[in-house]
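Enquirer: According to our numbering, the sequence shown is numbered sequentially starting from -5. Glycine included, C-beta positions come from ideal geometry on N, C-alpha and C.
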Amino acid sequence: MIRIVGHGDIAQALERARPTLKDRLYFASGVSNPNETRRSEFQREKDLLASQPKNSQIMYFSTMSIFTNNSRYVKHKLEMEALVKKFPHWAIVRIGTITWGKNNQHILIPFLRSKVKNKQHIQIRNVVRYIVDESEFIYWVNLTPTDGNWEMNITGRKMTELQIFRKYVSKSYEVTRSDDRSIFSPLLRPPAMLAQATQAGRGRNPSEAEISSHSSSGLRPRFSAKGDKNISLQR
-5 MIRIVGHGDI
5 AQALERARPT
15 LKDRLYFASG
25 VSNPNETRRS
35 EFQREKDLLA
45 SQPKNSQIMY
55 FSTMSIFTNN
65 SRYVKHKLEM
75 EALVKKFPHW
85 AIVRIGTITW
95 GKNNQHILIP
105 FLRSKVKNKQ
115 HIQIRNVVRY
125 IVDESEFIYW
135 VNLTPTDGNW
145 EMNITGRKMT
155 ELQIFRKYVS
165 KSYEVTRSDD
175 RSIFSPLLRP
185 PAMLAQATQA
195 GRGRNPSEAE
205 ISSHSSSGLR
215 PRFSAKGDKN
225 ISLQR
């Protein structure tokens, strides 16, 4: 049986893909603002998770920022991952910046679209991000096995913020370039520790180029299964 918990951008993408999904509980409800600090908001997500059937085969959606950030939001996500791992069968899917969100002004692309709509000045930083399209997200969700316990990192495509702006926001709106890295949330740069999740037991660390090649052009993210299973799935 397919159960989707949540109403945000992730949950809506799952609903659109419902005919293709595997039977499991998709937990896509939670704190959507990466700048959130209120304990009540974090506790609400924990309480909702605790109310789910304890024998569920659950998939939880986390963030790639756990490898680069130490914010209260990221700490909460790590706490949620630990709680999810108490279920008998679980999968944790971590993703970068999504492209299909429309209403959440706390994430990059809707934030920039709002600036354009309101004809506000925009500064674009000289940095890169890792971008995940809806089709790629659903592709890897559907490849995640239902047997065993799994962690998956979907890095997406490596793009500069200017490339993101021109592709997903506006091809002509005038912007200025800035080296100020404090305008948006911290840059996602997968460090060597990413190998712990993506290539468990492999004995080597992938380079940034290898990580960023796991995109819709190469489509080679790594799975790690807890226990005796350590595999890579490729297309």
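1. Please list the terminal residues of the continuous alpha helix (DSSP H) segment that includes Trp134.
2. Go ahead and pull the three-state DSSP assignment for Ala11.
3. So Arg18 and Ser56 are in contact, right, with Cβ under 8 angstroms, and what is the actual spacing, rounded?
4. Can you find at least 3 beta carbon pairs, one from the region 13 to 27 and one from the region -4 to 3, that sit closer than 8 angstroms?
5. Can you tell me whether DSSP reads Pro184 as helix, strand or coil?
6. Sorted by chain position, which residues of the same chain lie with C-beta nearer than 7 angstroms to Lys96's C-beta, five sequence neighbours on each side aside?
7. Using only alpha-carbon positions, find the residue among Gln157, Ser34 and Ala76 that is nearest to Ile118.
8. Measure the beta-carbon distance from Ile148 to Trp134 and round it to whole angstroms, keeping in mind my assumption that it falls under 8 angstroms.
9. Please report the distance separating the alpha-carbon of Val163 from that of Thr31.
10. In chain order, what are the residue ranges of uninterrupted alpha helix (DSSP H) at least 4 long that sit wholly in the region 55 to 129?
11. Helix, strand or coil for Gly0, going by three-state DSSP, please let me know.
12. Measuring only the C-alpha atoms, how far is Asn112 from Trp84?
13. Considering only the alpha carbon of each residue, which of Lys152, Asp141, Thr140 and Val169 lies closest to Thr91?
14. Can you tell me whether DSSP reads Asn199 as helix, strand or coil?
15. Just reading off the beta strand (DSSP E) that Tyr20 is part of, what are its end residues?
16. In the DSSP assignment, the alpha helix (DSSP H) including Arg33 goes from what residue to what residue?
Expert: This is what the structure holds:
1. Your numbering for residue 134 matches position 140 in the sequence shown. That run of the alpha helix (DSSP H) goes Glu128 to Leu137.
2. As a position in the sequence shown, residue 11 is number 17, starting the count at 1. Correct three-state label for Ala11: coil.
3. Taking the sequence shown and counting its residues from 1, the one referred to as residue 18 is at position 24. Taking the sequence shown and counting its residues from 1, the one referred to as residue 56 is at position 62. With a Cβ gap of about 16 angstroms, Arg18 and Ser56 do not count as contacting.
4. yes
5. In the sequence shown, residue 184 corresponds to position 190, counting from 1. Low local confidence applies: a pLDDT of 35 at Pro184 is under 50, so the model's placement there is unreliable, with the coordinate-based value given in what follows. Reduced to three states, the DSSP call for Pro184 is coil.
6. What you label residue 96 is simply residue 102 of the sequence shown in a count that begins at 1. Result list for Lys96: Pro104, in chain order.
7. Translated into positions along the sequence shown, residue 118 becomes position 124. Considering only alpha carbons, the answer is Gln157.
8. To locate residue 148, count along the sequence shown from 1; it is residue 154. To locate residue 134, count along the sequence shown from 1; it is residue 140. Their Cβ separation, rounded to whole angstroms, is 5 angstroms, which keeps Ile148 and Trp134 in contact under 8 angstroms.
9. Taking the first residue of the sequence shown as 1, we reach residue 163 at position 169. Taking the first residue of the sequence shown as 1, we reach residue 31 at position 37. A straight line joining the alpha-carbon of Val163 with that of Thr31 spans about 29 angstroms.
10. Here the runs fully enclosed are 66 to 78 and 102 to 111.
11. Start at 1 with the first residue of the sequence shown, and residue 0 comes out as number 6. Coil, per DSSP.
12. Position 118 of the sequence shown, counted from the first residue, corresponds to residue 112. Position 90 of the sequence shown, counted from the first residue, corresponds to residue 84. The straight-line gap from Cα to Cα measures roughly 42 angstroms.
13. Locating residue 91 in the sequence shown gives position 97, counting from the first residue. Answer by Cα proximity: Lys152.
14. Start at 1 with the first residue of the sequence shown, and residue 199 comes out as number 205. Low per-residue confidence applies at Asn199: pLDDT is 32, beneath 50, and the placement is therefore not dependable enough to give any value.
15. Locating residue 20 in the sequence shown gives position 26, counting from the first residue. That run of the beta strand (DSSP E) goes Leu19 to Phe21.
16. Within the sequence shown, the letter at position 39 stands for residue 33. Unbroken alpha helix (DSSP H) run through Arg33: Arg33 to Ala44.
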